[in-house]
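Q: I'd like to ask you about the structure that follows.
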Amino acid sequence: MNRILLIIQREYLSRVKKRSFLIMTIVGPILLSAIGILPAYFASMPEPDRTLMVLDQADILDMDKGTDRISLKYLGPPANYTIDEAKEQFMLTEDYALVYIPTGSGWDPDFISKNIVIYGKEEVSLGVKSFVEDIIRSKIEDLKLRNQGVDPEVIAQVRTHVKVKSINIEESGVEEESIVEGKMVIGFIFAFFMYFFIFIFGSQVMNGVMEEKSNRVVEVIVSSVRPFQLMMGKILGSGLVGLTQFLIWIALSFIIYTAFTGIFLADKMEAIQTMAEQSAAGGAESIEQLQNDGIGSVMTFLDTLNVPLLIGSFIFYFLAGFFLYAAMFAAIGSAVENQADAQQFLFPVTIPIILSIVIAMKVAEDPNGPLGFWFSMIPFTSPIVMVTRIPFGVPYWQLGLSMLLLILGFIGTTWVASRIYRVGILMYGKKITWGELWKWMKYGG
Amino acid sequence: MQINVDSVTKKYGNYVALDGVSAEIPSGSIFGLLGPNGAGKTSLIRIMNQITGPDEGRILLDGKPIKSSDVSRIGYLPEERGLYKKMEVGEQSMYLARLKGLDSKQAKAALKDWFERFEIQDWWKKKVEELSKGMAQKVQFITTVLHNPELLIFDEPFSGFDPINAELIKNEILELNRKGTTVIFSTHRMESVEQMCDYIALISRSKFVLNGSLSEIRERFRDNTFKLEIRSDQSEEQFILPAGALLLEEKNEGNILTKVVRLESANTTPLLQAGMQMGTVQLLSEVIPSVNEIFIQTVKESHE
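From first to last, the protein sequence lines are chains A and B.
According to this note's numbering, the residues represented by the first sequence are 2 to 446, in order.
According to this note's numbering, the residues represented by the second sequence are 55 to 358, in order.
Structural data, given as structure tokens:
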């Protein structure tokens, strides 16, 4: 259809020529690459060193000095201090926290382990809290074992450091190291991107329809094209603008990312290079080091992803999801005459979008669970929920089914929307209710 | 282009906007669509433009049912006009012309002609929001007629124009009609109907209550009313009304007496004789009701 192409063209050009498009195009990739780089950058930043003051009345820590990062110093002798005196003392120092280990009436390890308190001048960090829990647990376990008559040397030997590496076995039999955190980040970026895209471009479609209605140009246009063609032309045009923006962002982000890693992290890269060589020579330690290193893990992680599938399916969900919602936004825009009236109808449209992003958070923790499965099948939530799952790997039949349902979904919403739209665009000065929209849907012609 | 409206019915839910209306609009005519607000004029116009479809009945163009490609044969100027405010005049006119099926070369050439004719060439690069309302209306008129449609449909074409521009538009419409374009317009301005229309249809409460050629309709509304002007020195009490006649109006200016009388039949001899007895009959003419009177009378009757 030649005419629908004209509408798409006008829609596309009038949006791309706007200043806001240019601004978003420049700012977007800076944000996007910041999301990619900053976590790695922060991961490589050390936590500050901390000193904890300890009042060890149970004498359980055995004057342990702690680690380089978190050092322990003791108030002593413990019997000379009450907890209140210890707190006063603590407030006079620069120390990060005060750990109080009471002894209770008798010397009972189970009583002690349940009554330890950390006082902080501010919220005590999770890292410090778990450090204290770990060290006290191992001391109490040692004590209990020794009381049972176990040889201290045996105890030392029993202590084992466990580090679990999780690996996915592909159907092809290839084993692939899974880096869950990285996949979560990719999934989140996709989900949030989709979320903002649907909201921003969806409301643009709505405002565009509302503008055509309120400046009355719409009646002239629909004397040349069918209302359905006008609506679809607007939606397709806006979708193409979004796709253009997305592709520019991907390209620019890639350039910025490459430039950034090339210039600022060149020395790190070299280190990774040498480590990789060492590891090839059999240095098992360096692999672990490599994995613990922020940038290194991002780099090795990117290699594990099926990037074409990722980008391809993202673009599918991006467009199909947008079409599904844009049709509804267009219908709302056609029914109302100003932004304020639009609010009551926007509510039920925005609920599934917001619900999707909440569910996406949950799904990232358990990508193949029932929650993830069902919500990546429902067309209203699948665009956001499915893109969260895709980096983790989704069975092809689920992907196919979800795509099919989404296509049916957007055909459905488009049909309903077009029936409301064709009446709404020519309806003025009427207070619109849900019942009214329902009636319009049933009109003939 | 001849247009036949063939028992068209349009409903919105329980509300009947058009109730089986039929009309024939002969090729090359100027057809006035009259009726009070909310009677169904705009519904009919939108159906003719295929903006909405009829629930029953059909529209025929030159004897064939209307089809979607016919939009390029029709030009439509809605009552509520508007253009994209942020778009440039030239760009926008090109867009609307191309939606009507012109290619960009044809559109450009035609626009150039019209812009020169209206002497508005320097508006091409202006944004619509920079134009006054009247200026924008001119642009809109041009985009309506640009693709040389065989049928032009105007909904209240003169509203929003100052008298000079309204005259300009009126002459353009008449000129296009002379070249063979069939014109349909709806209006409340009865004097423009009288000046321009060959045919009229009057819609009231979703139905045509009057439909046909203007002269034929006026013929039908003749009621033997005559106006008589007498130059006389006698006092007007001397005037003897013929038997069965009804005096509707009278005026006495110096020695000129004017009487408007409804007679029992078209036979004017008794009236003329009565006048001649008074003095010199200067004028005897039939009073044919104006479209306005016909309009008011018919709408009232249809509501009774």
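Glycine residues also receive a C-beta, built at the ideal position from the N, C-alpha and C atoms.
Keep in mind it's a predicted model, so treat the numbers as computed, not measured.
On the DSSP letters alone, give me the boundaries of the alpha helix (DSSP H) that A:Met-387 sits inside.
A: Residues 383-390.
Q: Compare the beta carbon distance of A:Ile-360 and A:Val-386 with 8 Å and say whether it is the shorter of the two.
A: Yes, Cβ-Cβ distance for A:Ile-360 and A:Val-386 is below 8 Å.
Q: Listed from N- to C-terminal order along the chain, which residues in the region 205-225 of chain A have their beta-carbon within a distance smaller than 9 Å of any beta-carbon of chain B?
A: For the region 205-225 of chain A, which is checked against every Cβ of chain B, the residues closer than 9 Å are Glu-212, Glu-213, Ser-215, Asn-216, Arg-217, Val-218, Val-219, Glu-220, Val-221, Ile-222, Val-223, Ser-224, Ser-225.
Q: What does DSSP give as the partner residue(s) for B:Pro-119 in the beta ladder?
A: B:Pro-119 pairs with B:Leu-114.
Q: Counting Cβ pairs, one atom from each stretch, are 3 or more of them under 8 Å apart for the region 92-99 of chain B and the region 140-152 of chain B?
A: No, because fewer than three Cβ pairs between the region 92-99 of chain B and the region 140-152 of chain B fall closer than 8 Å, the two stretches do not touch.
Q: Do we get a CB-CB distance below 8 Å when we pair B:Ile-223 with the residues of chain A?
A: Not an interface residue.
Q: How many angstroms separate the CA atom of A:Asn-81 from the CA atom of A:Phe-194?
A: Distance between the alpha carbons of A:Asn-81 and A:Phe-194 is about 60 Å.
Q: Could you tell me if A:Trp-439 is buried or exposed, where buried requires 16 or more neighbouring beta carbons within 10 angstroms of its beta carbon?
A: Under this definition A:Trp-439 is an exposed residue.
Q: Give me the residue from A:Ser-239, A:Phe-393, A:Glu-366 with the minimum Cα distance to A:Leu-1.
A: Residue 1 of chain A is absent from the structure shown; chain A starts at 2 and stops at 446.
Q: Checking 8 Å against the spacing of the C-beta atoms, do A:Thr-26 and A:Ile-355 come in under that value?
A: No.
Q: Of the residues A:Leu-146, A:Ser-131, A:Ile-222, which one's Cα is nearest the Cα of B:Gln-104?
A: Among A:Leu-146, A:Ser-131, A:Ile-222, the Cα nearest to that of B:Gln-104 belongs to A:Ile-222.
Q: Hey, out of B:Thr-322, B:Gly-188, B:Asn-202, B:Gln-194, whose CA is closest to B:Pro-217's CA?
A: Ranking B:Thr-322, B:Gly-188, B:Asn-202, B:Gln-194 by Cα distance to B:Pro-217 puts B:Gly-188 first.
Q: So with CB distances below 8 Å, who are the chain B contacts of A:Leu-7?
A: Ordered by position in chain B, the residues that pass the 8 Å Cβ test against A:Leu-7 are Tyr-149, Arg-152, Leu-153.
Q: In whole angstroms, give me the CA-to-CA distance for A:Ile-117 and A:Ile-84.
A: In a straight line, the C-alpha of A:Ile-117 is about 12 Å away from that of A:Ile-84.
Q: Is there a C-beta anywhere in chain A that falls below 8 Å from the one on B:Arg-127?
A: Chain A contact via Cβ: absent.
Q: Taking CB distances under 8 Å as the criterion, tell me whether A:Arg-16 reaches chain B.
A: Cβ-Cβ to chain B under 8 Å: no for A:Arg-16.
Q: Using CA atoms only, rank isn't needed, just tell me which of B:Val-237, B:Leu-311, B:Arg-243 is closest to B:Gly-214.
A: It is B:Arg-243.
Q: Listing by chain order, which chain B residues have their CB less than 7 Å from the CB of A:Lys-440?
A: Under the 7 Å cutoff, chain B gives Gly-67.
Q: Would you say A:Ala-336 and A:Met-232 are within 8 Å of each other, going by their C-beta atoms?
A: Going by C-beta atoms, A:Ala-336 is not nearer than 8 Å to A:Met-232.
Q: Tell me whether B:Val-125 sits in a helix, a strand or coil according to DSSP, three-state version.
A: In this structure, B:Val-125 counts as helix in the three-state DSSP scheme.
Q: Look up A:Gly-67 in the DSSP assignment and give the residues it is bridged to.
A: Looking at the DSSP assignment, A:Gly-67 forms a beta bridge with A:Ser-72.
Q: What residues from chain B crowd round A:Arg-11, counting only those whose CB sits closer than 7 Å?
A: The contacting residues are Tyr-149.
Q: Would you verify that the beta carbon of A:Arg-4 is, or is not, closer than 8 Å to some beta carbon of chain B?
A: Taking Cβ atoms only, chain B reaches closer than 8 Å to A:Arg-4, which makes this a yes.
Q: Give every residue of the same chain whose Cβ lies closer than 6 Å to the Cβ of A:Gly-284, excluding the five residues on either side of it in the sequence, and list them in chain order.
A: Residue placement at A:Gly-284 is flagged as unreliable, the pLDDT there being 45, under the threshold of 50; the coordinate-derived value follows with that caveat. Once the five neighbours on either side are set aside, A:Gly-284 has no close Cβ partner at all.
Q: Is A:Tyr-82 helix, strand or coil by DSSP?
A: Coil at A:Tyr-82, not helix or strand.
Q: Select from B:Thr-312, B:Arg-135, B:Ile-57, B:Gly-74 the residue whose C-alpha is nearest the C-alpha of A:Leu-427.
A: With distances taken between Cα atoms, A:Leu-427 lies closest to B:Arg-135.
Q: For the alpha helix (DSSP H) containing A:Arg-51, list its first residue and its last residue.
A: Counting along the chain, A:Arg-51 falls outside any alpha helix (DSSP H), though it belongs to the beta strand (DSSP E) covering 51-57.
Q: Answer yes or no: do A:Lys-235 and A:Glu-12 have a C-beta to C-beta separation smaller than 8 Å?
A: Yes, the pair counts as a contact, with Cβ atoms nearer than the cut-off.
Q: Is B:Arg-316 helix, strand or coil by DSSP?
A: In the structure shown, B:Arg-316 sits in a strand (DSSP, three-state: E or B).
Q: Measure from the C-beta of A:Tyr-422 to each C-beta in chain B and report whether the shortest distance is under 8 Å.
A: By this cut-off, A:Tyr-422 is not an interface position.
Q: Would you verify that the beta carbon of B:Lys-179 is, or is not, closer than 8 Å to some beta carbon of chain A?
A: So no, B:Lys-179 is outside the interface.
Q: DSSP on A:Lys-443, reduced to helix/strand/coil?
A: A:Lys-443: helix per DSSP, three-state reduction.
Q: Taking Cβ positions, are A:Ile-71 and A:Ile-141 nearer each other than 8 Å?
A: No, they are not a contact pair.
Q: Using the beta-carbon of each residue, which ones in chain B are nearer than 9 Å to A:Tyr-326?
A: Correct list: empty, because the minimum Cβ distance to chain B is about 24 Å.
Q: Identify, in the order they occur along the chain, each residue of the same chain with its Cβ nearer than 8 Å to the Cβ of A:Glu-286, setting aside the five sequence neighbours on each side.
A: Confidence at A:Glu-286 is low in this model, with a pLDDT of 47, below 50, so its placement is unreliable and no value can be given for it.
Q: B:Lys-139 CB to nearest chain A CB: under 8 Å?
A: Yes, because at least one Cβ of chain A sits closer than 8 Å to the Cβ of B:Lys-139.
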